[in-house]
Amino acid sequence: MFIEFIATTLEDALLIEQSGADRIELVSALTEGGLTPSHSLIEAVVNRVSIPVNVMVRPHSQSFCYSHDDFSIMKNDIKIIRSLGANGVVLGVLNENHEVNQHMLEELLRECNGIEVTFHRAIDCTISPVQAAKTLAQYKEITTILTSGGNNEFSSRLQTIQKMKTVCKHISILVGSGLNTSNILSVHSTVQTGYYHFGTAVRKNHSLIEGIHLEKAKEMVQILKDEERKSV
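Counting in numbering that gives the first Met the number 0, the sequence shown runs from 0 upward without gaps.
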């Protein structure tokens, strides 16, 4: 089992490490789905925790189609994130046809040399997440896809995730969105990816703007690690 929690502050990050989670996704503006955090916050978190920190590279929440100026900012952010010692970046780029923008992606991947790359939930906004996953599988630099299996109803999304698994080759499928203590074991029994991503489920009052709730975070880790031990 691999467990990732979202942090928006240094305090979040410290609590996530204390909870026993495996990795932090560091973002700002969680109410907008997560944007690039400040460079000072990235530096502080990387220097204070020992677990891996993957940093969101997303200049705005208007869409996943980016202008030339947006693109330049993203490339420069990746350079800075690498220099600050982060484990990886979390990014996603689409074209106007709601497909992976391969030209833009390839340029961004060249900036990511030596760090992990997660393609984020932009994939859920594509025409076919399965076809998009197949496209991403061409790139050895991409280590993870964060997905909810699209935007259909829950059981259909789980089926899509299963199909994505079959085409992803070396890429880990990190399942996120709507996961909580009540449904995570059911989801795991269906998709069996072993990689799970949590946001509001481990925050105070399940709020996008409140901080990590340490006991909820520990409980989620305990549930998944106990399940892992049963299967060994």
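Virtual Cβ for every residue (Gly too), placed ideally from N, Cα, C.
Spanning the alpha carbons of E16 and F4 requires a straight line of approximately 9 Å. Of the candidates E226, F153, H102 and S62, F153 places its Cα closest to the Cα of L178. In the DSSP annotation of this structure, M0 is not part of any alpha helix (DSSP H), being labelled neither H nor E. The beta carbon of H59 lies closer than 6 Å to none in the same chain, with the five residues before and after it left out. Per DSSP, S27 lies in no alpha helix (DSSP H) and is assigned neither H nor E. By the criterion of a C-beta distance shorter than 6 Å, P51 is surrounded in its chain by R22 and N86, once the five residues flanking it on both sides are discounted. Ranking E115, V129 and I114 by CA distance to the CA of A121 puts V129 first. Taking the Cα positions, A28 is about 6 Å away from L34. Setting aside the 5 residues that flank it on each side, V220 is surrounded in the same chain by I2, S18, G19 and A20, each with a C-beta closer than 7 Å to its C-beta; the list follows chain order. I183: not part of any beta strand (DSSP E); member of the alpha helix (DSSP H) spanning I183 to V190, first to last residue.
For the pair G210 and E42, the CB atoms are not nearer than the 8 Å cut-off.
Contact annotation: E106 and I77 have beta-carbon atoms that are not nearer than 8 Å.
Where T146 is concerned, the enclosing beta strand (DSSP E) starts and stops at I141 to T146.
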